[in-house]
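Residue numbers (the numbering used here): 23 to 312.
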């Protein structure tokens, strides 16, 4: 692919991300005392393990119960993903939370209201790209074309190196045909977006505007992929956490694994219940039964 279509180099923080739990006492005090708590998280690689086939992922019952309990204790909860919005809602299947799909091009609020940021011209641009790519990629073993509301993703996790190169060449050609498209590279996926004004970071800022979160809010965002870096860069007043890596990131903190994500959610729930005067006895009893 031409150099102008290559993804931009990630912004590297002057100070590398710190382990989240080493700073937990200070963060816990903020979480305990604030009246506005917002928990936002990526999906694949953050709440669920990445699978060879994207459709094979399943959100565990424990994580689902934790997110629901956090919502019930008064926190705003949202899941932000590159997946298409309908796919994301189906996989997460939690009522009363925010969803942002297609890398921020579509939002769904807790009542089910949809917000789209893709213009008609942008959607037509993507449709032309799909029409050009489909006959050229549809027969390549291991390469899957995923059509979304305002983007198209080319997955190559199960493709051979030769097949991946053929797909990459096709993407390079469609970028030359449609110079307004933006290429986003993720984990074994290339995604074509219709422009460069919308990303996960802008979606998160719009979500915060929609909920009218006050200036003293406590906002956390968790993510694992390069596509989450736009949130890490733009959410300067929030707690940004990268999962599974420590370098080449704009996040302030890191967690080692999905097990650490689970521990973080447990701590969040414990503190918000204590802040509401419910103590931790109910929490322990509920998860022992679960």
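Glycine residues also receive a C-beta, built at the ideal position from the N, C-alpha and C atoms.
Same chain, Cβ closer than 8 Å to residue i, neighbours up to 5 away in sequence not counted
i: residue 152; result: 167, 169 and 174
i: residue 230; result: 60, 239 and 241
i: residue 189; result: 159, 162, 165, 176, 178, 181 and 212
i: residue 156; result: 167
i: residue 93; result: 99, 116, 118 and 119
Alpha carbon of residue i to alpha carbon of residue j, nearest angstrom
i: residue 221; j: residue 127; result: 7 Å
i: residue 246; j: residue 161; result: 31 Å
i: residue 79; j: residue 181; result: 19 Å
i: residue 209; j: residue 43; result: 27 Å
i: residue 267; j: residue 62; result: 19 Å
i: residue 312; j: residue 82; result: With a pLDDT of 42 at residue 312, under the threshold of 50, the modelled position of that residue is not reliable, and the figure given next carries that caveat. In a straight line, the C-alpha of residue 312 is about 12 Å away from that of residue 82.
i: residue 66; j: residue 206; result: 16 Å
i: residue 172; j: residue 219; result: 13 Å
i: residue 197; j: residue 186; result: 17 Å
i: residue 58; j: residue 106; result: 28 Å
Extent of the continuous alpha helix (DSSP H) run through residue i
i: residue 316; result: Residue 316 falls outside the range modelled here, since the chain spans only 23 to 312, and no answer is possible.
i: residue 109; result: 107–114
i: residue 43; result: Neither: residue 43 is in no alpha helix (DSSP H) and is coded neither H nor E.
i: residue 282; result: 280–297
i: residue 231; result: 222–232
i: residue 194; result: 183–199
i: residue 240; result: Not the alpha helix (DSSP H): residue 240 falls in the beta strand (DSSP E), residues 240–245.
i: residue 211; result: Element bounds for residue 211: not the alpha helix (DSSP H) but the beta strand (DSSP E), 211–215.
i: residue 255; result: 251–256
Candidates the options: closest to residue i by CA position
i: residue 142; options: 52, 217, 296 and 264; result: 217
i: residue 77; options: 177, 199, 161 and 258; result: 177
i: residue 120; options: 278, 113, 52 and 130; result: 130
i: residue 184; options: 165, 171, 196 and 172; result: 165
i: residue 52; options: 259, 269 and 273; result: 259
i: residue 116; options: 193, 139, 84 and 147; result: 84
i: residue 49; options: 298, 281 and 274; result: 274
i: residue 249; options: 73, 232, 204 and 297; result: 204
i: residue 39; options: 107, 233, 261 and 201; result: 261
Beta strand (DSSP E) segment containing residue i, residue limits
i: residue 77; result: Taken as a continuous stretch (DSSP letters only), residue 77 belongs to no beta strand (DSSP E), as it is neither H nor E.
i: residue 262; result: 261–265
i: residue 175; result: 174–177
i: residue 204; result: 204–208
i: residue 60; result: 59–64
Own chain residues within Cβ distance below 6 Å of residue i, not counting five before or after
i: residue 122; result: 102, 129 and 225
i: residue 199; result: none
i: residue 110; result: 103, 121 and 123
i: residue 223; result: 252, 253 and 256
i: residue 297; result: 54
Close beta carbons around residue i, own chain, < 7 Å, minus the five adjacent residues each side
i: residue 68; result: 244, 245, 246, 265 and 283
i: residue 227; result: 256
i: residue 277; result: 42, 263, 265, 283 and 286
i: residue 34; result: With a pLDDT of only 46 at residue 34, under 50, the local geometry of the prediction cannot be trusted, and the value read off the model is given with reservation. Within the same chain, residue 34 has close Cβ partners 270.
i: residue 290; result: 53, 61 and 92
At 4 residues or longer, what runs of the alpha helix (DSSP H) sit wholly inside the segment 92–172? Counting whole runs of 4 or more residues, the segment 92–172 contains the alpha helix (DSSP H) stretches 107–114 and 142–159.
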